[in-house]
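Have a look at the structure below, then the notes.
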Amino acid sequence: MAIPELLGSVTSAQLWSFGALFLILSFVIDFASHPQYPRQIPVMGKGHGMLNALLDSFRYITNYHGWVSDGYTKFGKKGLPFVVRSPLSRPSEVVIPRNQIGWMMDQPDHILSTYDAHNTVLYSEYNFLGRRLAFDPFPNRVMHKYIARHLSTVIPNVDDEIQHAVNTSLGDDTENWKSIKLWNLWLEIVPHVTNRLLIGPEVCRNKQFIDGMVNFTNDVVRNGLLLQLLPKVLHPIFGRLFGISNYIHWRSANAPAQPIIEKRLNAMLKKAAGDAEYKDYTPPEDFITWLIRQALADGKTFELDPVVISKRLLPIEFAAIHTTVLTGQLWMQDLLTSDPESGILDTLRAEINAHKPESGPWTKTAITNLVRLDSSIRESQRVSNFAVTMIERKVVADDGLYNPELGWTLPKGSFVTVNLEGTHHDQDLYKDPHSYDPLRYSRIREAWDAKSDQEKKSEPEEGTKIRGLGMVTTSPQHLAFGHGRHAW
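And the structure:
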């Protein structure tokens, strides 16, 4: 029988049946390929067994939060890990208890990998425009290396961009009230400020660039949600199809950025080559400069390509934009819904006015003195966390991951994570854990600052604890940015 005749004899019902059978078999194969966890680790939901796992995978979206919360109460607080199910195409997750976080953070990257976990969860090969770009952590290394040492240079630029973005978003009318949507407000501010740090003022105020990058980050979120619902065998097809919009939005953003990148790269290459005309050239201190500088130092010729440099922005854009927008929105919601009798807005306004430099931009020292503002943001991160778990890691060692205290080994391919929701709302760690207390941390810091030098010297451990109460400092009790050397 000829192929056209064969196809003509197939009914639509048969096609649907074949399609359904294909999906079922594909999901079963995916599940069978997942690592099998030690049976002494309890499983939330329906428990151990293939059938139970399959059923729970379909309940993942509606039950994940409850599983993690119940697991924290039943097992996590007792120092025991537990398993929560994931979508069928992904392995289940082992949620590590708080007392094991230190052990987890001590594992080297060749045993427990952050990058492999992120690349798997984010489907980086398809979302970030190429396997080589997605699987090389070069931009992360550059950011971690340079950002701290250049804060004194970065802060004035960020201050300038915040002023510009806020004035553009809210206008300069000081007489009349204006209705705003918090999400839209922060989405108008954060991408501009982020990209002032990444690529400079010429591009960060370009609407086409900003819209392209924001749309790109939206694409990553959407694609991740869709791909986790499909079996792995279909990922190479649908991943590339979904990634078309990522490419289109990057191309749109890249159009105004490419000339700036090419100009910067050309100047830095000529200076590195000893060109006399560029002897006194000093590039602006931003992410683009740091990428080029580190690529030259490492001899990475692949990185010295304007297109590659532009694409290196993408994972940083994704990591920075939506998490910062969410943090800002939730912080303002917490502040604006606080008891008016507390006077918290007046308190924060007074602190800002007291430490604002009389002239010139904000400085690192002045910002460090804003302990009450810092406390209000850290407390919002605690009480209004937007993730249930944090610190995703993937076991990549062939021998697996051995836990000497509990005596089990997680096989290669296992996923481990940490409970953020339970930790941040644990009444054994925080008084009134579900209440927003904006000065929760600043009261402790200010009481410590009021002590004499002699008193502080007699309590060195307490001093170390107090210094860890800043907004950007992570710990096993505060996981808003993750924890450890890969905390973002």
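Heads up: take any position in the sequence shown, counting from 1, add 623, and you land on this note's numbering. Glycine included, C-beta positions come from ideal geometry on N, C-alpha and C.
- A Cβ-Cβ separation of about 6 Å places Pro938 in contact with Phe751 under the 8 Å criterion.
- Straight through space, the alpha carbons of Leu914 and Asp1022 are spaced by roughly 35 Å.
- DSSP places Tyr1059 outside both helix and strand once states are collapsed to three, so it counts as coil.
- Spatial neighbours of Pro661 in its own chain (CB-CB distance under 6 Å, excluding positions within 5 residues in sequence) are listed in chain order as Trp1031.
- The shortest C-alpha to C-alpha distance from Asn807 to any of Val837, Gln723, Pro720, Arg754 is the one to Val837.
- Beta-bridge partners of Met1013 (DSSP): Val1041.
- In the structure shown, the three-state DSSP call for Ile944 is helix.
- Considered as a whole, the region 873–947 harbours 910–921 as its complete alpha helix (DSSP H) runs of no fewer than 4 residues, in chain order.
- By the 16-neighbour rule on beta-carbons within 10 angstroms, Ala757 is buried.
- Going by DSSP, Trp985 is part of no alpha helix (DSSP H) at all; its letter is neither H nor E.
- Only residues of its own chain outside the window of five on either side were considered, and among them Met727, Gln730, Leu735, Ser736, Thr737, Ala740, Phe1038, Val1039, Thr1040 have a CB closer than 8 Å to the CB of Arg1016, listed in chain order.
- Within the model, the alpha-carbon separation for Ser999 versus Asp1076 is close to 27 Å.
- For Val1019, the three-state secondary structure derived from DSSP is coil.
- In the structure shown, Leu752 falls within a coil segment according to DSSP collapsed to helix, strand and coil.
- Around the beta carbon of Ala1073, fewer than 16 other beta carbons sit within 10 angstroms, so the residue counts as exposed.
- Ranked by Cα distance from Pro984, the options Val744, Arg682, Arg713, Ile785 are led by Ile785.
- Taking a C-beta distance under 8 Å as the contact criterion, Ala788 and Ile812 qualify as a contact pair.
- Check the Cα spacing between Asp1060 and each of Asn1008, Arg1068, Ser1003: the tightest is with Ser1003.
- In the DSSP assignment, Thr1032 falls within the beta strand (DSSP E) that extends over 1031–1033.
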